[in-house]
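Everything below concerns the one structure shown next.
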Amino acid sequence: MSNIEQFKNRNVSEEYFLVDIEDYPTDGWGKFKRVVKRTFQGELFVGLWVVLREMIKFDIHTVQYPKEKMPIGPRYRAVHEMKRLWESGTERCIGCGLCEKICISDCIRMETKIDENSRKEVSEYSINLGRCIFCGYCAEVCPELAITHGGRYENASEQRAHFVMYEDMLTPIDMLKAGQQQEFEGFGAITPHEDERVKKTPLAY
Amino acid sequence: MSNITINIDGREIQTEEGEFILNAARANDIFIPAICYLTRCSPTLACRLCLVEADGKQVYACNAKAKDGMNVTTSTETIETERRAIMEVYDVNHPLECGVCDQSGECELQNYTLEMGVDSQSYAIKDVDRKDKDWGHIHYNPGLCIVCERCVTVCKDMIGDNALKTVSRNADTIDNEFKEGMPKDAYAMWNKLNKSLIGLTSGEEMLDCTSCGECAAVCPVGALVDTHFIYKSNAWELHQVPATCGHCSAGCQITYDVKHTSIENSDDKIYRVMNEWNYVSLCGAGRYGYDYDNKVEAKDEAAFANAIEAFKKADTIAFTSTITNEEAMILQSLKEKFGYKLVNEEAKAFQTFLKNYSEISGTSLYGSDLTQTHAADFIVSLGTALKSDNPNARYAFNNAISMNKGAGLYFHPLKDPIIDGIGKNVMSIAHAPLAEEAVLYLLLDLFADKSKLPASVVEYIASFHSEKTVTVEETIKEKVTEIVKVKKVNEETGEEEEVEEEKTSMVPKKISKDVQVDENRLLEIVDAPKNFTESLEKFLAKKESFSLIVGPDLYTHPNAKNLARLVALLEKYSAFKLVMIPSLTNTLGVALICDLDDARGTYTVGYNTKGDFTLSALGNGDLDMPALNQQEGTLTSIDKRVNPTNAAVGYKGYELNDIANALGISTKLTVDYTLKLPTYKGFKAELFDNLPNRYENDGTEVRGYLLDIIANEPSADESVEAITDDKLDGSIIYLANPVRQFSEFTNKSANLTEKSGLYMSESYLKTSNFNEGDTVRVKTQNGEFTTKIISDNKIEGEIATLPTFDSNLNSQALFSGYRFSTATIQGV
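If you read the protein sequences in the order shown, they are chains R and B.
Letter by letter, the first sequence follows residues 120 to 324 of our numbering.
Letter by letter, the second sequence follows residues 24 to 851 of our numbering.
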């Protein structure tokens, strides 16, 4: 039982000290004295002076949103994006349906069919942003790094559906050609040194 | 078969003598990995994964038979090494397309690769070009194929089409380095795998078969896929609704796989039909004809009010047997309350047949079922176009003959190349229409115990026999000695010289002999082939279990009553176990539940058939009704089993129970009638919700319940009538559907594309002056119509068939009950 004392001792460091706070007045006279003291001390003007001083220094740190925007972290999870393959420019999405399966708010649906080249084609893709909780599971589970989260956090429009038109989510082809497609670095992205960890399959060629 | 005890991994289990170790293990929930083995089919030994140690010796569990006291170890270090190597070999050059593969995780290759812990690859071989093949309703991707041959096996041993085979892969030989270094069985398996792929038996382009799709169902990977399902949905998205197929009387257990129709439309839609292929095999109608639901958006109150008016006016309800037992019960309740006549010709014929049968047999129902047919080794089929009347009876026929070293006789006027293709142990006897009685007398003659048969019958049968002297040509072998000149090299001189040598040889010689033989005129009457007696003798060697299948031709035969009595005699006094094929989905249920009348009255309400007011689940009537895949209820199958089925897709309109409620027979749900089904007819007082619908691991069918067979006092009068000399002259037409079509419901399905018209065999078309596509006028004494000729390579001989699945054709109108009729066919 003696050990319990060490947990009761909350003086984690000797540098800690208790702030000297006056006792609260308990009677009416004491309260009156405190009001008079605070009123005539002029603390209001101290605050006003700080504002005035900073204003004439012209050294402002406020971000001028929406004219200015802060850079967003690469792992930030905002409205989804669909990526293209760097080499061919075709869509990365293979229509495997894993994002649809893993989505915990059940907001992704897709329709697939066989296309003229006998490949699986995603004919319709929809994310219901009204239900999406931006958990990032879809991006994490995607085997092709096709669906990712982007940095576009401004969700104001007449309709939420405006953000999730498949064509709008897809990287524009000119951006891709200009090398401006950004890889997502959040969960599900390739970890560094992946190549060194993979054991290669032998080939008979 | 005797019960024995074997020990697997320290567990004592009971099994039968001669059962495969793998089946014994599976029946007792012991896991032995295996890919290529299919229950009810022969072992292929393609995968070799089921390697086990039995009494210290390595054997394959799928083809090693259990012996009493056997000790089996399912896993040793060597076996584990073999299995891991086998899975590595399967993974060689297998594409990593799992993300788009239609197997979508229901993949045995994936499962076993993980099970054996394959995390690296030691083998490699140069891949060959393997292009996709579109075989019509089946799509083959050889790139994904692991050549387990399950498709080939099921097509041969279960279905009987023999449409698939293994073909050459044209691959490089396996590097010698691997041969020396790798486990023995894995190498042997790889060597076989590396030589073959799956191909078609006939032709290159299209599958020529009865299109059941069982090959795609058993495929452990995504190599064989139903064309309609390609890239439509992942397996995990589909919700499985356990049900009973509503197309024929086999009552196969199926699951409807449903999910939302599209992104916008959340209503359920059926994407495919699945089955427990180890225990039940589907036909093409069951597998592909699932989209026959009646889409009704809302309750049509005006039509409902009209229906109530019509019911008040009517004195007759005419209906078909594509309804549930519960609906039949509602109709019967309506009859009891309001005195309606219930008219259903086809069920009435079956009901009468059963009644006549039970007078002699003393039982309300036939004694056997298709499960026993599967186990039989001598099967006779009579009075049914087996492959289209009940595909499952055909599978049982084929399966028993190929698996039990069985033999079979197929009596039917319409020649069937599918039945002939089963093998040498099947004899087709194309008797003339109306000769079914003679066939039954012949069967009585050949198989019945004459000491028990009524004396008059024995006497009558004896009247067909006569002694006859025939001259037989016999071939004997005679020893002949001759002197021949041979050129030989003289060993001393080294020169070639002619030497005379004596040579004896056996030379066949024909001699004639006069023999007294017993001539059976019945054989002549049924047009039996000349070698019938000899072949039958061969067929019957070592046979123990006999099965008789009779079908709908008999129920509407002009002498149906006599046939029913003959069938009963045959079942009673011979070793045959009898199964009857009910003509439609629930004919048996309707025949048991409803008191049926012969003729319609003045005002008829039709249910799925034309009436003065028509209720229809096809969507073409005055008031919509739900189709069988939109209803809960039970269906009575050929196996005398009451199987539950569930609603796969939604239905928003009125159903029969609503009408009954409005007429004052108050019951909340249609399935409340399940409890009220007549127990004195053999049904059980079971709640619908308590009915199971599954198969156990040992193949036991735990579905619904079996009907009780009610014993009645058999009549002392066992007399039967003599054969009539009636014959059909001229061209003959037969009322039968092509395979995959049963009714207007299968006709509605988009996947089943059979056309309606006059089906003629290729040989018939050659001898007649008609061509495929010609418009002809078909005329019988009952009526006539014009239709187009369709060439059908699944029938042979000179009988044309008219299908019943298209109500626009109204083929039944040409026939007077019996399925055969004389007709004139003229070009237009």
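Even glycine gets a Cβ: it sits at the ideal position worked out from N, Cα and C.
Applying the 10 Å Cβ sphere with the 16-neighbour rule, what's the burial state of residue i?
i        : result
Ser606/B : buried
Met201/R : buried
Ser474/B : exposed
Pro886/B : This structure cannot speak to residue 886/B, because chain B is shown only from 24 to 851.
Gln654/B : buried
Thr776/B : exposed
Glu833/B : The residue you asked about is not Glu; residue 833/B is Asn in the sequence shown. So Asn833/B counts as exposed.
Ser451/B : buried
Phe765/B : buried
Trp148/R : exposed
Asp829/B : buried
His454/B : buried
Ser391/B : buried
Asn413/B : buried
Pro667/B : buried
Would you say residue i faces chain B, with C-beta separation under 8 Å as the test?
i        : result
Arg228/R : yes
Ile213/R : yes
Ala323/R : yes
Glu350/R : Examination of residue 350/R is not possible in this model, given that chain R is present from 120 through 324 alone.
Lys202/R : no
Lys188/R : no
Glu133/R : no
Ser207/R : no
Gly216/R : yes
Lys176/R : no
Using three-state DSSP, classify residue i as helix, strand or coil.
i        : result
Leu187/B : strand
Ile688/B : coil
Gln835/B : helix
Val799/B : strand
Met120/R : With a pLDDT of 47 at Met120/R, under the threshold of 50, the predicted position of this residue should be treated as unreliable, though the coordinate-derived value follows. Residue state, collapsed to three classes: coil.
Lys508/B : strand
Glu542/B : strand
Lys565/B : coil
Arg664/B : strand
Leu171/R : helix
His488/B : strand
Val573/B : strand
Gly307/B : helix
Ser814/B : strand
Within 8 Å (strictly less), CB to CB, does residue i reach chain R?
i        : result
Glu260/B : yes
Val264/B : no
Gln144/B : yes
Val123/B : yes
Asp184/B : no
Ala683/B : no
Asn257/B : yes
For a test of your reading of the model: does the CB of residue i fall under 7 Å from any non-hydrogen atom of the ligand ATP? Yes or no.
i       : result
Thr99/B : Absence of the ligand ATP from the depicted structure is noted, as is the absence of any ligand whatsoever, leaving it without description.
Problem set entry | Segment contact, 8 Å Cβ cut-off, at least three pairs: the stretch 272-287 of chain B with the stretch 753-769 of chain B | no
Problem set entry | In chain order, each alpha helix (DSSP H) run of at least 4 residues that lies wholly inside the stretch 231-310 of chain R | 256-260, 285-288, 292-296
Exercise. Are the stretch 814-825 of chain B and the stretch 744-757 of chain B touching, with three or more C-beta to C-beta distances below 8 Å?
Worked result: yes
For this session: Could you tell me whether the stretch 583-595 of chain B touches the stretch 344-357 of chain B, where touching means 3 or more Cβ pairs closer than 8 Å?
Result: no
For this session: Would you list, in sequence order, the uninterrupted beta strand (DSSP E) runs of no fewer than 3 residues that lie entirely inside the stretch 423-485 of chain B?
Result: 430-434, 449-452
Exercise. For the 8 Å Cβ check, are there 3 or more pairs between the stretch 691-702 of chain B and the stretch 717-724 of chain B?
Worked result: no
Exercise. Is the number of C-beta pairs between the stretch 140-150 of chain B and the stretch 98-113 of chain B that are closer than 8 Å three or more?
Worked result: yes
Exercise. Is it a yes or a no for the stretch 384-400 of chain B touching the stretch 409-425 of chain B, going by three-plus beta-carbon pairs under 8 Å?
Worked result: yes
Problem set entry | Segment contact flag, the stretch 295-305 of chain B with the stretch 173-184 of chain B, C-beta cutoff 8 Å, min 3 pairs | yes
Exercise. Does the stretch 206-223 of chain R come within contact of the stretch 254-272 of chain R, defined as at least 3 CB pairs closer than 8 Å?
Worked result: yes
Exercise. Does the count of Cβ pairs from the stretch 204-211 of chain B and the stretch 439-448 of chain B closer than 8 Å reach three?
Worked result: no
For this session: Give a yes or no on contact between the stretch 282-302 of chain B and the stretch 53-70 of chain B, applying the rule of three or more CB pairs nearer than 8 Å.
Result: yes
For this session: Taking only runs that begin and end inside the stretch 677-743 of chain B, name each unbroken beta strand (DSSP E) of 3 or more residues, in chain order.
Result: 716-718, 724-726
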